[in-house]
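Enquirer: So the sequence shown is numbered by the working numbering: it starts at 126 and just counts up by one. Quick reminder that beta carbons are idealized off the backbone N, C-alpha and C, glycines included. Keep in mind that this is a model prediction, so the values were computed, not measured. Dumping the structure here so I can ask a few things about it.
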Amino acid sequence: MARAGICDSKIPSFPARKSSDSLTFTHPERPVRMTSPQGRGGGHGRHGKPQGVSLLPLATFVWGAPGPRPKPRTRTEHCLVWVTRGHLGLDFPRREHRLGVGDLRYIPAGTAFASIPMRDTEGYVALIPSALIQDMRAILPADGIAGHIGATSPALLECLRKLAACEAREIFAPLAGLAEILEGLSPLDRHAPSRPQQTADRPLAERFLTLARHQPLGQVSVADLARKLDSNVATLDRACLAARGMRAVEMLNKLRLELAVELLRQSNQTPAGIAAQLGYSSLAHFTRSFVAATGRTPDAFRAQLC
Numbered sequence: 126m127a128r129a130g131i132c133d134s135k136i137p138s139f140p141a142r143k144s145s146d147s148l149t150f151t152h153p154e155r156p157v158r159m160t161s162p163q164g165r166g167g168g169h170g171r172h173g174k175p176q177g178v179s180l181l182p183l184a185t186f187v188w189g190a191p192g193p194r195p196k197p198r199t200r201t202e203h204c205l206v207w208v209t210r211g212h213l214g215l216d217f218p219r220r221e222h223r224l225g226v227g228d229l230r231y232i233p234a235g236t237a238f239a240s241i242p243m244r245d246t247e248g249y250v251a252l253i254p255s256a257l258i259q260d261m262r263a264i265l266p267a268d269g270i271a272g273h274i275g276a277t278s279p280a281l282l283e284c285l286r287k288l289a290a291c292e293a294r295e296i297f298a299p300l301a302g303l304a305e306i307l308e309g310l311s312p313l314d315r316h317a318p319s320r321p322q323q324t325a326d327r328p329l330a331e332r333f334l335t336l337a338r339h340q341p342l343g344q345v346s347v348a349d350l351a352r353k354l355d356s357n358v359a360t361l362d363r364a365c366l367a368a369r370g371m372r373a374v375e376m377l378n379k380l381r382l383e384l385a386v387e388l389l390r391q392s393n394q395t396p397a398g399i400a401a402q403l404g405y406s407s408l409a410h411f412t413r414s415f416v417a418a419t420g421r422t423p424d425a426f427r428a429q430l431c
């Protein structure tokens with residue numbers, strides 16, 4: 126799984142929409158450089174001073190440990206994730222969490238999770254170095270928080286603007302404001318139905334994913350996999366919708382994307398070779414799907430890992 130798209134020490138300028146209360150990012154004006162949490166020095170700069178907050182467009186935030194499926198991995202920063210369009214799946218060691226439009230998730234430093242933005246996902250990610258909390262004793266929650274704030278929130282937008290613009294020594298006030306916003310969140314389950322934790326269809330969906338991970342995806346279809354499971358496409362679709370909120374073909378496409386990210390990160394295979402291996406009809410088909418899901422071409426994604 127690719128490392129998260131963390132920007133250089135200076136927060137890049139992201140073009141905003143014309144609306145005066147919008148902070149929606151498009152792609153950075155310069156490539157995002159991939160670094161690991163360790164590479165950030167635990168939130169301190171070269172001279173031992175705490176670094177400021179990094180603010181990223183959610184579409185570029187790819188995070189997880191290596192593996193056929195993204196595996197939860199810890200970060201040294203506190204993460205604030207806000208979805209303003211589309212949806213985002215966050216995988217934790219013992220559960221999955223699905224964020225929809227207007228949902229907000231605060232993930233404390235040291236929490237293991239995996240994240241990969243999918244098609245049409247927009248929003249924001251604020252990465253807050255843990256050293257800021259230690260040095261300035263801002264009152265942020267010790268535990269994770271999930272809530273609903275809406276697709277637009279003037280108070281949160283203003284807080285994000287201040288966090289992005291402030292230097293580390295000026296960060297206390299906007300962090301305190303963020304703490305107040307988190308305390309006032311509405312629980313997610315008041316605005317969206319909770320995902321079933323256990324259903325009769327979940328075992329079939331899980332067996333489908335397990336089988337798919339061990340098949341040559343360039344040579345099998347959903348119908349082929351359904352037959353191998355002594356089932357059919359309609360039954361498999363119902364099971365996948367109940368367990369994961371998506372049809373079988375959507376789960377298979379998501380798996381293809383996750384495997385493509387792994388191959389781009391860990392191998393020297395060309396995008397054309399990856400496309401053929403994972404069952405895309407052509408390199409153009411692979412490129413379109415990859416750009417739609419991540420906002421970058423396969424070559425651009427690989428270049429950012431260097």
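Counting only the same chain and skipping the five closest in sequence on each side, list residues whose C-beta sits under 6 Å from that of isoleucine 253.
Expert: Val178, Glu202, His203.
Enquirer: One question on the structure: do leucine 403 and leucine 384 come within less than 7 Å of each other, judged by their Cβ atoms?
Expert: It is a contact, given that the beta carbons lie within the stated cut-off.
Enquirer: Hey, could you find the ends of the beta strand (DSSP E) isoleucine 253 is sitting in?
Expert: Element bounds for isoleucine 253: 247-254.
Enquirer: Whole angstroms is fine: what's the gap from arginine 381's alpha carbon to glutamate 375's?
Expert: Going from the Cα of arginine 381 to the Cα of glutamate 375 covers about 10 Å.
Enquirer: Using 10 angstroms around the beta-carbon of phenylalanine 150, count the other beta-carbons present and answer buried if the total reaches 16, otherwise exposed.
Expert: Annotation note: pLDDT 35 at phenylalanine 150 (below 50); position unreliable, coordinate value reported separately. Buried.
Enquirer: Using the Cα positions of glutamate 154 and arginine 421, report the straight-line distance between them to the nearest angstrom.
Expert: Any reading at glutamate 154 needs caution, since the residue's pLDDT is 31, under 50, leaving its predicted position unreliable; the model's value is listed next. About 13 Å.
Enquirer: Mapping the DSSP letters down to three states, classify threonine 209 as helix, strand or coil.
Expert: DSSP places threonine 209 in strand when its eight states are reduced to three.
Enquirer: Determine the direct distance from the alpha carbon of leucine 300 to that of arginine 244, and round the result to whole angstroms.
Expert: Roughly 31 Å separates the two Cα atoms.
Enquirer: Could you round the C-beta distance between valine 358 and alanine 337 to whole angstroms and report it? I think they count as a contact, below 8 Å.
Expert: Valine 358 to alanine 337, Cβ: 14 Å. No contact.
Enquirer: What is the rounded straight-line gap between the Cα of threonine 185 and the Cα of threonine 419?
Expert: Whole-angstrom Cα-Cα distance: 6 Å.
Enquirer: Determine the closest residue to glycine 214 out of Arg200, Trp188, Thr199, Ser356, with distance taken between C-alpha atoms.
Expert: For the residues Arg200, Trp188, Thr199, Ser356, the minimum Cα distance to glycine 214 belongs to Trp188.
Enquirer: Do aspartate 216 and proline 197 count as a contact pair if the criterion is CB distance below 7 Å?
Expert: Taking 7 Å as the Cβ cut-off, proline 197 and aspartate 216 qualify as a contacting pair.
Enquirer: Sorted by chain position, which residues of the same chain lie with C-beta nearer than 6 Å to phenylalanine 86's C-beta, five sequence neighbours on each side aside?
Expert: The structure shown does not extend to residue 86, since the chain is modelled only from 126 to 431, so the question has no answer here.
Enquirer: Provide the residue span of the beta strand (DSSP E) that contains serine 179, from first to last.
Expert: Run containing serine 179: 179-182, per the beta strand (DSSP E) assignment.
Enquirer: With distance defined between alpha-carbon atoms, name the residue in Tyr231, Met371, Pro328 nearest to leucine 94.
Expert: What the structure shows of the chain is the stretch from 126 to 431, and residue 94 is not part of that stretch, so it cannot be assessed.
Enquirer: What are the start and end residues of the alpha helix (DSSP H) that includes valine 359?
Expert: Before going further, note that residue 359 is alanine rather than valine in the sequence given. First-last of the alpha helix (DSSP H) with alanine 359: 358-369.
Enquirer: Can you name, in chain order, every residue of its own chain whose Cβ lies under 6 Å from the Cβ of phenylalanine 415, other than the five neighbours on each side?
Expert: Result list for phenylalanine 415: Pro423, in chain order.
Enquirer: Leaving aside the five residues before and after glutamine 322 along the sequence, list all residues of the same chain whose C-beta is less than 6 Å from its C-beta, in chain order.
Expert: Any answer about glutamine 322 is weak, because its pLDDT of 40 lies below 50 and its placement is not dependable; what the coordinates show is given next. For glutamine 322, where only same-chain residues beyond five positions count, there are no Cβ hits under 6 Å.
Enquirer: Round the Cβ separation of leucine 310 and glycine 248 to the nearest angstrom and send it over; I've been treating them as touching at under 8 Å.
Expert: About 15 Å; that fails the 8 Å criterion.
Enquirer: Use the C-beta contact count for proline 242: other C-beta atoms within 10 angstroms, 16 or more gives buried, fewer gives exposed.
Expert: Under this definition proline 242 is a buried residue.
Enquirer: Taking Cβ to Cβ, would you say arginine 286 is nearer than 7 Å to alanine 330?
Expert: No. Outside cutoff.
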